[in-house]
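Chains as they are written, first to last, in the working numbering: chain A, 30 to 549; chain B, 74 to 259; chain C, 147 to 527.
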Amino acid sequence: MGDHHHGPAKGLSRWLFTTNHKDIGTMYLWFSFSMFILGGAFAMIIRAELFQPGLQLVEPAFFNQMTTLHGLVMVFGAIMPSFVGLANWLIPMMIGAPDMALPRMNNWSFWILPPTFLLLASTLFMEGGAPAAGWTFYAPLSTTYAGPSVTYFIFCIHVLGLSSIMGSINIIATVMNMRAPGMTYMKMPLFVWTWLITAFLLVAVMPVLAGAVTMMLMDVHFGTSFFSAAGGGDPVLFQHVFWFFGHPEVYIIILPAFGVVSQIIPAFSRKPLFGYDSMVYATASIAFLSFIVWAHHMYTVGMPVAGELFFMYATMLIAVPTGVKVFNWISTMWRGALSFETPMLFSLGFLVLFTIGGFTGLMLSIAPSDFQYHDSYFVVAHFHYVMVAGAVFSMTAAIYFWLPKWCGRMYNETMGKTHFWISFIGFNLAFFPQHFVGLAGMPRRIPDYALQFADFNMMSSIGAFIYGLSQIMFLYNVIATIVAGKPTSEEKVWEGAEGLEWTIPTPAPYHTFETPPAIK
Amino acid sequence: MIRLSNNPVIDTASKLLVVAVLMFAFVFVVMVPLYNVLCDVLGINGKTSGEAYTSVPAVVDESRMISVQFLAANNAGMPWEFAPTVTVMKVHPGAVNDTVFHARNPMPAAMVAQAIPSISPARAAPYFHKTECFCFNQQPLDGGAEAELPLQYIVDQGLPKDIHTITLSYTIFDVTDMADGAVAAR
Amino acid sequence: MCVEAKRLLKLALGPVLMLMSVAATAAGGEVSSVNMSPGVTEVGERIYDLHMWIFWICTIIGVGVFGVMFYSIIYHRKSKGVTPANFHESTKVEILWTVVPFFILIGMAVPSTTTLLDIYDTDDAEIDILVTGYQWKWKYEYLNESGENVNFFSNLRTPQSEIHNSEPKGEYYLLEVDEPMVIPVDTKVRFLITGNDVIHSWWVPQLAVKRDAIPGFINETWTKATKEGVYRGQCAELCGKDHGFMPIVVNVVSRQEYDEWLAAKQIEAAEIKELMAQTFALDELMERGEAVYARSCLACHGANGEGGVGNAIKGSAIATGDLATHLDVGINGVPGTAMQAFGGQLNDVDMAAVITYQRNAFGNNMGDLVQPIDVYNHKKG
Numbered sequence: 030m031g032d033h034h035h036g037p038a039k040g041l042s043r044w045l046f047t048t049n050h051k052d053i054g055t056m057y058l059w060f061s062f063s064m065f066i067l068g069g070a071f072a073m074i075i076r077a078e079l080f081q082p083g084l085q086l087v088e089p090a091f092f093n094q095m096t097t098l099h100g101l102v103m104v105f106g107a108i109m110p111s112f113v114g115l116a117n118w119l120i121p122m123m124i125g126a127p128d129m130a131l132p133r134m135n136n137w138s139f140w141i142l143p144p145t146f147l148l149l150a151s152t153l154f155m156e157g158g159a160p161a162a163g164w165t166f167y168a169p170l171s172t173t174y175a176g177p178s179v180t181y182f183i184f185c186i187h188v189l190g191l192s193s194i195m196g197s198i199n200i201i202a203t204v205m206n207m208r209a210p211g212m213t214y215m216k217m218p219l220f221v222w223t224w225l226i227t228a229f230l231l232v233a234v235m236p237v238l239a240g241a242v243t244m245m246l247m248d249v250h251f252g253t254s255f256f257s258a259a260g261g262g263d264p265v266l267f268q269h270v271f272w273f274f275g276h277p278e279v280y281i282i283i284l285p286a287f288g289v290v291s292q293i294i295p296a297f298s299r300k301p302l303f304g305y306d307s308m309v310y311a312t313a314s315i316a317f318l319s320f321i322v323w324a325h326h327m328y329t330v331g332m333p334v335a336g337e338l339f340f341m342y343a344t345m346l347i348a349v350p351t352g353v354k355v356f357n358w359i360s361t362m363w364r365g366a367l368s369f370e371t372p373m374l375f376s377l378g379f380l381v382l383f384t385i386g387g388f389t390g391l392m393l394s395i396a397p398s399d400f401q402y403h404d405s406y407f408v409v410a411h412f413h414y415v416m417v418a419g420a421v422f423s424m425t426a427a428i429y430f431w432l433p434k435w436c437g438r439m440y441n442e443t444m445g446k447t448h449f450w451i452s453f454i455g456f457n458l459a460f461f462p463q464h465f466v467g468l469a470g471m472p473r474r475i476p477d478y479a480l481q482f483a484d485f486n487m488m489s490s491i492g493a494f495i496y497g498l499s500q501i502m503f504l505y506n507v508i509a510t511i512v513a514g515k516p517t518s519e520e521k522v523w524e525g526a527e528g529l530e531w532t533i534p535t536p537a538p539y540h541t542f543e544t545p546p547a548i549k
Numbered sequence: 074m075i076r077l078s079n080n081p082v083i084d085t086a087s088k089l090l091v092v093a094v095l096m097f098a099f100v101f102v103v104m105v106p107l108y109n110v111l112c113d114v115l116g117i118n119g120k121t122s123g124e125a126y127t128s129v130p131a132v133v134d135e136s137r138m139i140s141v142q143f144l145a146a147n148n149a150g151m152p153w154e155f156a157p158t159v160t161v162m163k164v165h166p167g168a169v170n171d172t173v174f175h176a177r178n179p180m181p182a183a184m185v186a187q188a189i190p191s192i193s194p195a196r197a198a199p200y201f202h203k204t205e206c207f208c209f210n211q212q213p214l215d216g217g218a219e220a221e222l223p224l225q226y227i228v229d230q231g232l233p234k235d236i237h238t239i240t241l242s243y244t245i246f247d248v249t250d251m252a253d254g255a256v257a258a259r
Numbered sequence: 147m148c149v150e151a152k153r154l155l156k157l158a159l160g161p162v163l164m165l166m167s168v169a170a171t172a173a174g175g176e177v178s179s180v181n182m183s184p185g186v187t188e189v190g191e192r193i194y195d196l197h198m199w200i201f202w203i204c205t206i207i208g209v210g211v212f213g214v215m216f217y218s219i220i221y222h223r224k225s226k227g228v229t230p231a232n233f234h235e236s237t238k239v240e241i242l243w244t245v246v247p248f249f250i251l252i253g254m255a256v257p258s259t260t261t262l263l264d265i266y267d268t269d270d271a272e273i274d275i276l277v278t279g280y281q282w283k284w285k286y287e288y289l290n291e292s293g294e295n296v297n298f299f300s301n302l303r304t305p306q307s308e309i310h311n312s313e314p315k316g317e318y319y320l321l322e323v324d325e326p327m328v329i330p331v332d333t334k335v336r337f338l339i340t341g342n343d344v345i346h347s348w349w350v351p352q353l354a355v356k357r358d359a360i361p362g363f364i365n366e367t368w369t370k371a372t373k374e375g376v377y378r379g380q381c382a383e384l385c386g387k388d389h390g391f392m393p394i395v396v397n398v399v400s401r402q403e404y405d406e407w408l409a410a411k412q413i414e415a416a417e418i419k420e421l422m423a424q425t426f427a428l429d430e431l432m433e434r435g436e437a438v439y440a441r442s443c444l445a446c447h448g449a450n451g452e453g454g455v456g457n458a459i460k461g462s463a464i465a466t467g468d469l470a471t472h473l474d475v476g477i478n479g480v481p482g483t484a485m486q487a488f489g490g491q492l493n494d495v496d497m498a499a500v501i502t503y504q505r506n507a508f509g510n511n512m513g514d515l516v517q518p519i520d521v522y523n524h525k526k527g
C-alpha cells in the first residue's frame, strides 16, 4: 500500500479481484441491469400470453415458471442489487470515507451473485422445469408438489441471502465507523440514513428467509413435517415465516428509493429538504412497523378475528409515516425554484405513482375489503405501482442524477426526457387497467382469462411492451454517455445539488477522501 | 457495551453477524414453537391439542345444547374408506361424550394413517377437549382390515355463548413411508 | 367499426367509467368491468360501501396533495425567474399532518371492524356445504344430518378446442362448469372449506366470499344471497399448472327449486348405488358410455377418438389391449401427463360404461364388456 494514488489494475483481474467501492458499485449496477432485462424478458412472455384470451404462446406450466422467475429475478436480482450498487458508489462519497469498511467482503458479496442467478436460470432447462410456485412459494405446492428444481432454488435463496447479509453488514460497519470527523448521524444525507435502516432490516430478516427455505429443504429431503399437516406441521406456518421476512423485504426495496428522491427533489427545487428530522423518524417508524404487519398478506387463511383486527390496525398505521414523507417532499418543492431535468422527472413520476400505490395499499389494508382484493389483479397493480414506479423509477432517476459525476460526461437530456415520458405512459398503460380487471374479479397468476377481461388485458400488454422497449433507449443513453457523452468537469454537475460527493472532482477519481474532508 | 474486537469495524461486523445467526436460530427455536403454542391456546387454524386432556371434574351445563358435527376427509393419494359413524351429536358443555369413526383399508398391503383434526369455528378449538382420540397416534391397518376408531371429548363450559355449532374435521394422510418403526411393526 | 370505436372509447375512458359506475351504484347483481361489484349479499354491499368510502377518502387526499404539487410545478419554476425560499421545517404543520391522518384512519377503522365481525359470524346457518379444492377442480358435499350426503365434482366445461383457439370462445369461456353448486336464495349457507392436496382459495366475487382451502385444516365462511341468478368465480390461490382452469359456478335458486334439486340428487345417488350391483348388456353400456365420453373425455381425445391434447383412442394400444391396464389408466390416470385420475370423479357405472365404449367405438372392436363390479374390484385391488 505504498502508493495510494495508483489507478485500477488492467484487464479482467481488475474486476475479479477489485476491492474498490466504485468498481464494485459499477459491477452491481451492470449486473442488476442485466437481471432487469432478464426479468423483463420473462414479463414480456407473460404479457404476450395474456395479450388475448386463449393459450397462444406457452403452456400453463411454463407460464407459472415465468411468473415465478419474473418475481424472483426482479426482487432479488434487479432491485436489491441495484440499490446495493448505488450504496457502494455513494455511501463512502457521501460520508467522506475512502472506501467501504470491509472491501474484501464487498468483493465476495458481489461475486457470489452471478453464478447463483446463472444456476437459478438454468433450472428452466431441467427436467420438470424451473420453480413454478410463485415468488412467494407457498408450501405444500413448493415442497411436496414441487419438481426436482426446488433443491437448487433453495440453494440459490441461501446464497442470495448470504450476499445480502454481507452487503448489509458492510454498509452498517461503514456508516457507523467510517464517517468523516464532524459528520454526525443527523448530518448524514438521507440516502445514507435510509440505507442504514434498510441494512438493519436486511440483517434481521434475510436469516428468517434462510430459515424458511431450510425448513422446506428438511421437509423435502429429510422427512421433517414443518409445513405438512400429515406429520403435525402446518402449511400456514410457512406463510407466517415467509411474510415475517416478506413484509420487511418490501420496505427493504422501497426505503433506499425514498433516500434517492430525498436527494434529488431538493437539488432541482434549489431548496433544502423539508423536515429532515421527521424524515429520519418516519423511516425508522416504517421499519419498525414492518415487523408487526406481516399477516395482512394472509387475511383469507382463516385467522382468528382478533388477529385480523390487530394486523389491520397496524397496517393502517403505516399510512402515517408514509404520509409524512410525501408531505415533506411536496413541501420541499413548495416555493422552490423548480427545473425539470430527467432525474427530477423520474422523481416526480415516483412521487405521483408511489402515492397512488400507497392509496391502494391503504385500501388493501382494510381486511373486509381485502377479501375481495386478495390475490386479484388489483394486488398486482398495487405492488407494481410501488415496486416499479417506486423502486425502479427512483433507481432510474439516481442513474441520470449521479452518472455525470461518475464518468465526467453528460447524458443526452432530450433522450432522457423522452425515456421518461415513454416509460411513464407505458407504465400507466400497463398497470392502471390492472386495477379495473382486479376489481372486476380477475385472479392473479393465471395464463388465460374470461372474455370480459380481454380489452384491459390487451391494453395492459401494449403498455408493458412500450415500457419494456423504452428501457433499451435507457441502455443506449447510458452507454453513449460513458463512451461519447459531452465531457464535463464541473464539481457540482447540478446547480442545486448538495453533499460531499459534489465537492470532489468530476469525473470522480478512483480513490476519494483519502484524507477526511472538513465538515461544516 | 461488549467489544468483540479492538478494531471497531470488525467489532461492528462481528456483532451484526451474531445478530444474523440469532435471527436464523430465532426461526427454529422461537417462531415455530411459539406458533404451535399460540395455535394451541388461541385455536389458530382450528388446531387442537395433540395430547389427551386430563379431565377435571366438571359441572354439566344442561341449559346449553351444542351441535358437534363430524367430517372426514382423505388427503390426496389416501385410498382408505373413512367416515364418522354419527355425523352430528347434540351435547351439553361439561359432559363426557363418546363416538367412533369407521376406517377400512381396501388395499392389499398394510398401511399406516395419521388423522389430523381441525375445528371450525377456530375460536371454539381451545374449548374442545379430547380425552381420548385416535388422532393422538398413527393408525396401522392390515390390507383389507377394518377398525372402529374411538373419540372421547368434552366441550368446555367456557365455550363462548354465541357458538352453537362446532365442526370437527379429520383428514387422514398416508404416512406409511414415514411411520414410526413401532407402529409399522404392530 | 362501431364495435371497435366503442372498445377504444371504453379503454380511453376507463377511469371516467369507474367514477360513473360509482355514481350509478350498480343495482345488485350487475357486474362492472371497472369496479368492484356489490354483488348479491348484504355483506357484499357493505364491503362495496367500505371500498368506495376508502376510495373517496383517498381521492380527496390525492386531489389535495397533487393539487399542491402541481401548483408548485406550475408556479414555482426556475424558468419563471423565482428565487427559492429557504424554509426547511415547521414543527406546527409537521405535527398537524401527523395527527390529522390518525383521525382519518379512525374513520376508516370503525366501519371496517363492524363489517369484519359480521363476516366472522357463521352461526345459525341453515345449510352446510363442504367445499374441497382439488388439483384442479372443486368438490361440493352437502352435509345432511339424516341420510346420505350429496356430493359431486365440479369440473371446467370449456373445451380444450376453445382454450387452444381452434374454435370460437363461448360467452362464459373459462367460467363454466359441468355441475354447478346450487343454493337457495335468502338462506344463510355455511361453507366449510378445505383442500385435498395444495392450498386453493374459493372465490365468488358476487357472493363476497373468498377463503383459503388448506389441506388438513378446515375454514369456514358463509353467504346469504338475496337474488336468484348464476354467479361465477375462480380459484384465487396459485395451486399449480391448471390454477387458471378451475372455475366456480353457483346457481342461486328459489327454496322450492333447491329442495327439488336436492331430492333429485339424492334419488340419483340411490339409483347409482342400485346400478352398481347390476350387470349390463353391451348396448346399454355403449349408450351410457357415449354420454360419459362426451362429458369427460371428448375435450382431449376428440369426438371420434382421434386424439388432440390427449392421445388417440381409436386403435390405441391401451383401448385395444389388456383390460386391466385400460382400467388402471382410467381410474388412476397417468402421472405427469394431462391424463387425470377419474376414479374419484366418475361413479363405477359410468367408469364401466366409458371404458366399454372406448373399447368398442371408433372402430375399436374388442367386444369385451366391463361391468361396474369389475371397476369396483379393480379399485379394491
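Using N, Cα and C, we set each Cβ at its ideal position, and we do this for glycine too.
- Collapsing the DSSP output to three states places C/H524 in a helix.
- In the DSSP assignment, B/T85 forms no beta bridge with any residue.
- Here C/E374 is actually not in contact with C/V328; their C-beta atoms are around 11 Å apart, not less than 8 Å.
- Among the bridge pairs identified by DSSP, B/D247 is matched with B/A186.
- Nearest neighbour of A/I75 by Cα position, chosen from A/M64, A/A90 and A/S61, turns out to be A/A90.
- Taking a Cβ-Cβ cut-off of 8 Å, the neighbours of C/I364 in chain B comprise G119, L144, S191, I192, S193, T240 and S242, given in sequence order.
- Between A/F400 and chain C, the shortest Cβ-Cβ separation is below 9 Å.
- Interface with chain A (9 Å Cβ-Cβ cutoff): B/D247 is included.
- Think of a sphere of 8 Å around the beta carbon of A/F255: the chain B residues whose beta carbon falls inside it are V105, in chain order.
- For C/D264, the uninterrupted alpha helix (DSSP H) segment begins and ends at T237 to I265.
- Excluding sequence positions up to five before and after A/G437, its CB lies within less than 7 Å of the CB of P516, T517, S518, T535 and P536, all in the same chain and listed in chain order.
- The region 258-272 of chain A makes contact with the region 321-338 of chain A, as at least three CB pairs between them are under 8 Å.
- The three-state reading of DSSP puts B/A156 in strand, counting E and B together.
- About 4 Å separates the CB atoms of A/P110 and A/S61; that is less than 8 Å, so the two are in contact.
- For B/C112, a Cβ of chain A is located within less than 9 Å of the residue's own Cβ.
- One finds M215, S218, I219 and H222 in chain C with Cβ atoms closer than 8 Å to the Cβ of A/M362, taken in chain order.
- If the five residues before and after C/V521 are omitted, its C-beta is found closer than 6 Å to the C-beta atoms of D494, M497 and A498, all from its own chain and listed in chain order.
- Taking 9 Å as the cut-off, the Cβ atoms of C/W349 and C/A382 count as close.
- Per the C-alpha coordinates, the member of C/F248, C/V296, C/V344 and C/E287 positioned closest to A/T173 is C/V344.
- Using a Cβ-Cβ cut-off of 8 Å, C/D343 is close to N148 and A149 of chain B, given in chain order.
- Below 8 Å, enough C-beta pairs join the region 486-503 of chain A and the region 77-90 of chain A to call them touching: three or more.
- For C/R378, the enclosing beta strand (DSSP E) starts and ends at G375 to C381.
- Per the C-alpha coordinates, the member of B/A176, B/Q212, B/V91 and B/V133 positioned closest to B/P157 is B/A176.
- Buried is the label assigned to A/A162, since at least 16 other Cβ atoms lie within 10 Å of its Cβ.
- Listed in chain order, the positions of the region 250-266 of chain C with a beta carbon within less than 7 Å of a beta carbon of chain B would be empty, since no residue qualifies.
- Taking every protein chain shown into account, the CB of C/A409 has fewer than 16 other CB atoms within 10 angstroms, so this residue is exposed.
- Between B/S193 and C/N297, the C-beta spacing is not below 9 Å.
- When only Cα atoms are considered, C/P184 and A/T371 end up about 43 Å apart.
- Closer than 9 Å to the CB of B/P179 there is at least one CB belonging to chain C.
- Sorting A/M439, A/I53, A/A258 and A/A426 by C-alpha distance to the C-alpha of A/W450 places A/A426 at the top.
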